[in-house]
Structures are given as structure tokens and as C-alpha cells.
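Colleague:
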Amino acid sequence: MQATSTLSRDLVLEVSQKLQEPRWLLEKRLAAWEAFARLPYPTLKTEEWRYTNLSKVPLEGLALELPTGQKLSRQDLPAQVRSRLEQAELSGVAVFVGADLVYLELPEELQAQGVVLTSIAQALQTHEAPIQNALFRTVGWNEKLQAYNAALFTHGAFLFVPKGVEFDAPIGVFNYLEGGRLSIGRTLIVAEPNSKAVYIEEYVSPTPVHEGVNLSVSELVLAQGAQLRHSHVQTLALGFYHFHRTRALLARDARLNDLTATFGGTLARTETQSELAGPGADSEMLGLYFAHGEQHLDHYTLQHHAEHHTKSDLLYKGAVKDRAHTVYSGLIKLEEAAQKADAYQSNRNLLLSSEARVDSIPQLEIAANEVRCTHGSTTAPVDEMQLFYLMSRGVPKHVAQQVLVKAHLYDVLTRIPLLPLREHIERIIEEKVRL
Amino acid sequence: MAQPDILNLDQDYTQKYGFHDDIQPVFQTERGLTRRVVEAISHQKNEPKWMREFRLQAYEIFMRKPMPAWGPDLSRLDFDEIVYYIKPTDRQGRSWDEVPDDIKRTFDRLGIPEWERKFLAGVGAQYDSEVVYHNLAKQWEEKGVIFVDTDTAVREYPDLVQEYFGTVIPPTDNKFAALNSAVWSGGSFVYVPKGVKVELPLQAYFRVNTAELGQFERTIIIVDEGAEMHYIEGCTAPTYSTDSFHSGVIEIVVKKGARSRYTTIQNWSHNMYNLVTQRAVVHGDAYHEWLDGNLGSKLTMKYPSSYLIEPGARSEIMSIAFASTGQHQDTGGKLILAAPHTSGTIVSKSISKGQGRASYRGLVKVYEGAKHARVNVECDALLINPESRTDTYPYIEIEEDTAHVGHEATVSKLNDEQIFYLQSRGLKEDEAAALIVRGFIEPIAKELPLEYAVELNRLIELEMEGSVG
Chain A
1 MQATSTLSRD LVLEVSQKLQ EPRWLLEKRL AAWEAFARLP YPTLKTEEWR YTNLSKVPLE
61 GLALELPTGQ KLSRQDLPAQ VRSRLEQAEL SGVAVFVGAD LVYLELPEEL QAQGVVLTSI
121 AQALQTHEAP IQNALFRTVG WNEKLQAYNA ALFTHGAFLF VPKGVEFDAP IGVFNYLEGG
181 RLSIGRTLIV AEPNSKAVYI EEYVSPTPVH EGVNLSVSEL VLAQGAQLRH SHVQTLALGF
241 YHFHRTRALL ARDARLNDLT ATFGGTLART ETQSELAGPG ADSEMLGLYF AHGEQHLDHY
301 TLQHHAEHHT KSDLLYKGAV KDRAHTVYSG LIKLEEAAQK ADAYQSNRNL LLSSEARVDS
361 IPQLEIAANE VRCTHGSTTA PVDEMQLFYL MSRGVPKHVA QQVLVKAHLY DVLTRIPLLP
421 LREHIERIIE EKVRL
Chain B
436 MAQPDILNLD QDYTQKYGFH DDIQPVFQTE RGLTRRVVEA ISHQKNEPKW MREFRLQAYE
496 IFMRKPMPAW GPDLSRLDFD EIVYYIKPTD RQGRSWDEVP DDIKRTFDRL GIPEWERKFL
556 AGVGAQYDSE VVYHNLAKQW EEKGVIFVDT DTAVREYPDL VQEYFGTVIP PTDNKFAALN
616 SAVWSGGSFV YVPKGVKVEL PLQAYFRVNT AELGQFERTI IIVDEGAEMH YIEGCTAPTY
676 STDSFHSGVI EIVVKKGARS RYTTIQNWSH NMYNLVTQRA VVHGDAYHEW LDGNLGSKLT
736 MKYPSSYLIE PGARSEIMSI AFASTGQHQD TGGKLILAAP HTSGTIVSKS ISKGQGRASY
796 RGLVKVYEGA KHARVNVECD ALLINPESRT DTYPYIEIEE DTAHVGHEAT VSKLNDEQIF
856 YLQSRGLKED EAAALIVRGF IEPIAKELPL EYAVELNRLI ELEMEGSVG
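Protein chains in written order, with the working numbering: chain A, 1 to 435; chain B, 436 to 904.
(1) Go ahead and pull the three-state DSSP assignment for A/R269.
(2) Measuring alpha carbon to alpha carbon, tell me which residue in A/V198, A/A32, A/R74 is nearest A/N257.
(3) Give the interface partners of A/H244 over in chain B, defined as CB-CB distance under 9 Å, in chain order.
(4) For B/E577 and chain A, any beta-carbon pair shorter than 8 Å?
(5) If you count every other CB in all the chains shown that lies within 10 Å of the CB of B/L444, and 16 or more means buried, which is it?
(6) For a cutoff of 8 Å on Cβ pairs, would you count A/A337 as touching chain B?
(7) Report the option in A/A223, A/D342, A/E431, A/H155 whose CA atom is closest to the CA atom of A/F96.
(8) If we ignore side chains and look at the alpha-carbon of each, how far apart do A/R38 and B/A868 end up?
(9) How many angstroms separate the CA atom of A/V116 from the CA atom of A/A254?
(10) Against chain B, does A/R357 count as a neighbour if the rule is that its beta carbon must be under 8 Å from one of theirs?
(11) Any chance the region 40-49 of chain A sits against the region 183-198 of chain A, with 3 or more Cβ pairs inside 8 Å?
(12) Among A/Y41, A/L11, A/Q20, A/L19, which has the Cα closest to the Cα of A/L30?
(13) Between the C-alpha atoms of B/T780 and B/T837, what's the straight-line distance to the nearest angstrom?
(14) Would you identify the three-state DSSP class for A/V412, choosing helix, strand or coil?
(15) Comparing the C-beta of A/V12 with each C-beta of chain B, is any distance below 8 Å?
(16) Per the DSSP calculation, A/K71 is bridged to which residue(s)?
(17) Should B/P503 go down as buried or exposed, given a rule of 16 or more other Cβ atoms within 10 Å for buried?
(18) Against chain A, with Cβ distances strictly below 8 Å, would B/T837 count as a contact?
(19) Should A/V217 and A/R245 be called a contact, given that it needs their Cβ atoms to be closer than 8 Å?
(20) Can the beta-carbon of B/V567 be found less than 8 Å from the beta-carbon of B/Q527?
(21) Do you know offhand how far B/K632's Cα is from B/Y830's?
(22) By the 10 Å Cβ neighbour count, where 16 or more other Cβ atoms means buried, how is A/Y103 classified, buried or exposed?
(23) Identify every run of the beta strand (DSSP E) within the region 145-197 of chain A, keeping only runs that are complete inside it and at least 3 residues long; order them along the chain.
(24) Anything in chain A within Cβ reach of B/M873, meaning under 9 Å, just list it in chain order.
(25) Could you name each continuous alpha helix (DSSP H) segment of 4 residues or more that falls completely within the region 572-652 of chain B, going from the start of the chain to the end?
(26) Quick one: what's got a C-beta closer than 8 Å to B/P483's C-beta in the same chain, skipping five residues either side?
(27) What are the start and end residues of the alpha helix (DSSP H) that includes B/G731?
(28) What does B/T766 touch in chain A if you count any residue whose Cβ is under 9 Å from its own?
(29) State the DSSP-derived secondary structure class of B/I667, mapped to helix, strand or coil.
(30) Where does A/M385 land, buried or exposed, given buried means 16+ other C-beta within 10 angstroms?
(31) Can you find a C-beta in chain A that's less than 8 Å from the C-beta of B/G797?
(32) Cβ of A/N369 less than 8 Å from any chain B Cβ?
(33) Any Cβ of chain B within less than 8 Å of the Cβ of A/A306?
(34) So which residues on chain A does B/Y738 lean against when the C-beta distance must stay under 7 Å?
(35) What residue range is occupied by the uninterrupted beta strand (DSSP E) comprising B/I871?
(36) To the nearest angstrom, how far is it from the Cα of B/V801 to the Cα of A/V161?
Have a look at this one:
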């Protein structure tokens, strides 16, 4: 695997050249590079980052992982990925090892309908127009980490779902990271009018690893009436610093069902944003996190209602034990045009140790009056009555405690119709509860 | 329902509160803030050395501290345009007859002497920078209650003042606390001895008469073990085209088993920047309540805080904010739980009308070791017009696994069905709207002494005039 360590404008040129990108993309990367060079890193004094300290993260200390052209057969894929493939009941698969798309599989019938699943670099050969139209549209380079990604992303998946095409079996995209490097990936999903798709992106690694940084972005562009179920599942090993932003743009009557599940990494900051830009747009945003040891898991959400008759419904549930720290902050923003909007935001935290820490900042900014907007946040230990009840039935205390933690988190999973994914996440929780 | 007899609120404000007097101050400092101004204030007050040094140190801190990086826009607040100290008169009265006639007329028009006779235990009245009237009913004085203006307290109770001054809110706390510490003048000093229960409220009334004046009162309240008291402050000012500035610091110590309540009915004119730091330290099994009504001002930033530092301490923060066009009420509350078995609630109700903006900003912090802490926060916002705005910024920080903390907020508009129902019963649309708004704030308004509740309802009625339909 190839890597290079110093960040420079030349590195941007090198990456773009290596991927044989068109001129317009290089120009955008260079504009992003300018922004990156100009912008300061967020600090604890930056309002959105006041609970997450970046000063110890080797953001520029590791070599950037570059593509090498490596390919693998299904049986040569990393064990973690193979076991997921056996269980996940996927319709299409893309596996990235480092910066290489090493394995790809998409059923004939989807291909025949015009569905595209490949790397962005590859797709530029055949689908340049929709990519040019959508790339950087939801996540640009006006913030430091986003500019970092835009200037230097080396890989990432592209999913294109043509007008009216529907499928229910999920496409699974695996990002396998070996650690010791800086990995910068970017996902682009373009869902044309009245299409319907299911997409799972997972971040996995061997364990243990050397210190690694992952800086990823997912852009979801949903045209009129498009439906997308998107899941982000992060189970990286300790030692990883994971920074991710998913941002969806929803046109009229589009519908997003998002799940963000965070279990891994030494420090993870995962942002999920929905911009409801057309009447009838509807965004469900679910979140699940469980922190142990010294983990620091930070989630930031935005429900941005830019138009009238839009709806968003958010539920983030977390558990935290040992000396871990979780942060949830989220904003519902209703513009003046967002009359008759319906927005809901709920954050529920379970505290399992006196040394653990939870920060919760659910926020509202409302500039329209004919709206329904409610939010809530709770932080509490396991319910003593429930614990008592289970113990009175002969369940030992520690087992009862585990049952209740699982119940707290499974609650979110019941809202996801993807059974294999639910089972996978339940297993992770099961393991974590015993740690 | 009583018909509001005045059609326009601004007109009413001008009549009722917005008038100003042409008084000749006996002393005032030059415009702007310098070390010399701070020294001049201290010299004018003939203060002991420790206070002069405290002021000068605070001045240095003020100059060093940056403006807050969060929250509302303060860029148009010009520290150089403000007069920091105006002494309207040489004497302070203990009876209204001793107050200079033109100033007395002001408070007569505001109804303060009448209220004092009717239902207050004591009254302080501050006019621009100085307290012009201060009186405590004899029965309380005999029980050892102290209720004087803070300048008098520095002279007459130096030990007590020095023990508490700046301990709850040090000058380093924030830029405006530093400013107040440098140029403070007036405010009340209250001491309620052990076990004494002051049954009637003490009231301070703050009046700003001069344009472009900064009023910086400093209030210190000590409620000793097992004692009880209720303090009310009211504020008004004339309406000028230029901005005025009010930045008070209120420090409260509630000792073991004591109970206290601090009520604010702030109705500054709409050209006032109102940036206030209020904080109570609550000891074991004691209880403190903040009742915070923000109706006036151009911009208010005020987050009454309670620090629950010993087991069993409790606190409740109730606030109402009303923001109409040209107003931004950035208010809320903070509960800091630093001991086991402490608890508190925050209830915030806001109404935004026209282009008004009401923001709730709050903090709940449970420190490690504060076992079995419980906090509940409820924020409800009511939006009257399509261009009205509201925000909610609650910060919740929990370091203790036995803590139960909940926060809930709702935003809604005036309910069409309710208005329609009331109209079908013969109410006019804006009467119906006023009735619904009164119902919305009822849970907090009912906690006010009757006279204030009546006043609050009347203000809401006027504010709602012509606001819908």
C-alpha cells in the first residue's frame, strides 16, 4: 500500500492525477484545498465542538492512504467482511480495502435497470454528468474537516438509482481500514425521481490496530419522490479516530430513513444532516451508540426544514459505561418558509457508571409559527423498579442490568425493517454489554 | 373581560413609564470608561481602599476579557458612548417626603409609595446610578433584618459586605460581571438573620431616567440559616431613540434550611440593553426560587443560576419572556448540582410576537459525586405571527450515573380552534388571543403577588392588542 505524508497542493494534484479525474473535479479539489489551508481547526472554543477535543488527534500526523489498484476475490476478502457478507442478505456489494475498491458485485437485474454501483473514480468514465451535478452539492468545503475531505478524498462509492427503479434488498458497502494511516473516503448516492433504494455503509477494521484516522463524507441526493434507506454502521477498533458527515438533500416528497450506529473507535464524531428542500419531504433519523472504556463518541445532527409541509423525526439513544464520554448535540432549524412543518427530536441516554459522562444539547431554532415542533432529552441510570422486578424473578443483578441496557438500545432497532442488520447490531451490543 | 382602554402599547408605555424628568444631576462622570472614571466613582462615594482596589482590578479584567463569542449580536453596544455614573441627588430619603420633588413624582406615577403602604415590607428605589429612597418597616428592623442600599452597606456593615461581595459572582466570571464590579453603584444589601421569616416582600425599583446611561446596580442578599425572604425587583425607563444599558449583578447566599425567592418584572423601554448576571448559592436543605419576567428591553441576556452545593439543596427557576418586534429576549436558567440529593426544575414560557425573538438558553450540570440528583426542564414557546422567532439552546452535562435529568420543549402557535371557540362565545379575536396567552403563562403568573399578576396580565393584554387577524 502506498502512502504519502506531507499535505500540500501537490498532493491534491497527485491524487487527482492518479484517479485520472476530469479538469472540473481537479479545480474543485484545488478550491477546497485553498479553503483547507485558510480555515483553522475547530477547538473547544468552537461552539459545535465544545465537548470534543481534537488537540490530541493526529489529523495531519499520518500518511494519506493512496489507491494501488489492488483487487481481491470474494474468498480473499478480510474475515470481518466475509462474515458480514454471509449474514447480511445483500443485493449488491462493494468492498474497499484502504483506498482500493477490491471487490464489487451487483446483480444482473439491477444492472439491467440502469443501477450503478462502483467507485466514484470509475463512475466518472460512464456517468460524469450526474456526478458533476451532485458531488459537493450537500457537503462543500466551508468547514475545515469537510475541506480536508473535498481536497484529498482518495476513494469512495457511487450509487446511482435511475428514475422509478426500486429495490428492497440492501446494497452493502464495506470500508475496511487497517490502521496506521489517514483514510479519506467519499460516498455519493444519487436517487432519481420516484426511485427506491436501501444502502448500508459499514466501517470495519481488524483489531488491534495502530492509530488511524478516518475522514469520510456521504452525500445523499434524493430527487422528487425518491426513497432511500441509509445506514451508517461504525465498528472500528480502538485506536481509530473517526470523523464522518452524512448530509442528505431531499426534494419534494422524498423520504430518507437514516440510521447512524456508532460503537467503535477511540474517538468518533459522526454528523448526520437532512435538508428538507421540498414540500412533503420526510426524514427519519435514528441513532444508536454505546461507549465503553475511554471511548469518546460524539454525534451531531441537523434537521433543516427549508420548505413548508416537511417532516422530520429523530431518535438517538445511547448507553455509556466505564470512563467513557458521549455527546449528543442536535439542531432543528425551521426557516421562515417552513410553515406546517412537523419536527421531533429525542435523545435518551443511559448512564452505567459514575465515571462516565454524558452531554446532551438538543436545540431548536424556529422562524415559522404554524409548526409542530417538540424535543426532549433524558439522562438517567437503569430504572430501579425494572431492575428490582427482574431480580425478583431470580435474574442476577448484572444480567438484569444487561437485559435493560439491551432493551434501551433495541428500541431503536425495532424501527428498522432490515432483519439481518438488526441481528448484526444486536450482536455487537450483546458483546459490548459484557465487556 | 376588562376592555383594554389604550389602543397602542407604545403610547401606553410612554404615558405610564416612558416619561422622563429634566433633573439636574449633582455629579456625573464623562462619557466612556477609563481608569479615571472608575476612580472618580470610588472617590465620589468616599469608599474604603479595598473597594477602590476591587474596582480597579475589575476594570483591568473587563478590558482584558473578550465579548461573548456566543449568543445575540452585541456589536452595536458601544462602551464609549455610555455615561457610567450619574448622581441625581445628594440625599437619600427614609420617607418619601425627603426625596426631591421631581424624583418623587416619578415614583408616584409608577405607584411605588402606594404599593409600599399596601403590601411590602420594605422598598428601595434607585434613580439612575443612586438609590434615592430606602425604607424597611420597623418590625423587621427590630428583628435584625438589614435592608439598605449597597453603598450604605459598604459604609455601615463593612465586615458583612467584605465577607460576601464578589464571592458568588467574581469579576472574572464574565465581561459584564467585570464591568459591573468596576463601576457598580446602588442596588440592595439584604441580610435576614437566622430563623427570621420576612413575610412580606422586599422590593427594589430601578428607574433609568437619563439617555445613554449605564445602570450597574449590585445586589447582595444573605438569607441566614432557617430564614425566609422574598425580594422583588421592577425596572422601567423612558423611551429614547438612543440606547441605554443596564448591567446588574445579583449575588445571593441561601444558608442551611433557608428559603428565598427572587422575582424580577423587567419592563425596560425597548431601547435598553439588559445584560444581567444573577446567581444564588444554595446550602444544605435550603430552597431558592427565581421568578423571572422579561417583558421589556431591546436585548436581554439573563440566565439566573442556582448552585446547589450541599445535600438537600433545591431550586426552581420559572421564567416568562415576551418578545415583540425589535426585541430579543435571550433568557433561561442554570442549575449546577454539586452535592448529593440536590434537585431542581426549570419552567420557561416564551411568547414571540411580530418579528420578536425569544430564545431559551440554559445549562444543567451534574457533577461527579452529586448522587441522586434530579432535574427537570420544560420550555414552551408560543408563536403569534408568521415572522415570529424562537430558539431553544439547552446544555445538559451529566457526570453522575445516579442522576435523573429530563428536558422537554415544545413550540406551537396560537391555536385556531381555541380562538374560534372563544369568538363563537362573543369574544373579539384579539381578546381571545390575549385570554389564551394568559392561560399559557398562568402557571408562572399565579406565583406572583397579586398586584404583579394583575400588572403582568394587563401588559400581556396590551401586547396582544391588534396582534392577530
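For glycine and all other residues, C-beta sits at the position ideal for the given N, C-alpha and C.
Modeller: Walking through what the data contain:
(1) strand
(2) Taking only the C-alpha atoms, the option nearest A/N257 is A/V198.
(3) Those do not exist, as A/H244 stays about 24 Å from chain B at its closest Cβ, beyond 9 Å.
(4) Using a Cβ-Cβ cut-off of 8 Å, B/E577 does not count as an interface residue toward chain A, since no Cβ of chain A sits closer than that to its own.
(5) Caution is warranted here: a pLDDT of 40 is assigned to B/L444, below 50, making its placement in the model unreliable, and the coordinate value is therefore given only provisionally. The residue in question, B/L444, is buried, as its Cβ has 16 or more Cβ neighbours within 10 Å.
(6) Not one chain B Cβ lies under 8 Å of A/A337.
(7) If you compare the alpha carbons of A/A223, A/D342, A/E431, A/H155 with that of A/F96, the shortest gap goes to A/H155.
(8) When rounded, the distance between both Cα atoms is 52 Å.
(9) 20 Å
(10) Chain B, which has a Cβ nearer than 8 Å to the Cβ of A/R357, makes this yes.
(11) Output reads no: the region 183-198 of chain A does not touch the region 40-49 of chain A.
(12) A/L11
(13) Pairing B/T780 with B/T837, the inter-Cα distance amounts to about 17 Å.
(14) helix
(15) no
(16) Bridge partners of A/K71: none, in fact.
(17) exposed
(18) Yes, B/T837 lies at the interface with chain A (some Cβ there is under 8 Å from its Cβ).
(19) yes
(20) yes
(21) If I take the Cα positions, the gap works out to 35 Å.
(22) buried
(23) For the beta strand (DSSP E) assignment, the uninterrupted runs of no fewer than 3 residues enclosed by the region 145-197 of chain A are, from N- to C-terminal side, 157-161, 171-176, 182-191.
(24) The sequence given here places Arg at residue 873 of chain B; Met does not occur at that position. Within 9 Å Cβ-Cβ: nothing; B/R873 doesn't reach chain A, min ~19 Å.
(25) 573-577, 585-591, 593-599, 610-618, all fully within the region 572-652 of chain B.
(26) V589, P593
(27) From DSSP, B/G731 is part of no alpha helix (DSSP H); its letter is neither H nor E.
(28) B/T766 does not reach chain A, its nearest Cβ partner there being about 15 Å away, counting only Cβ pairs nearer than 9 Å.
(29) strand
(30) exposed
(31) Cβ-Cβ to chain A under 8 Å: no for B/G797.
(32) yes
(33) no
(34) The contacting residues do not exist; B/Y738 stays about 15 Å from chain A at best.
(35) Here B/I871 belongs to no beta strand (DSSP E); instead the alpha helix (DSSP H) covers 864-880.
(36) Our two residues, B/V801 and A/V161, have alpha carbons roughly 48 Å apart in a direct line.
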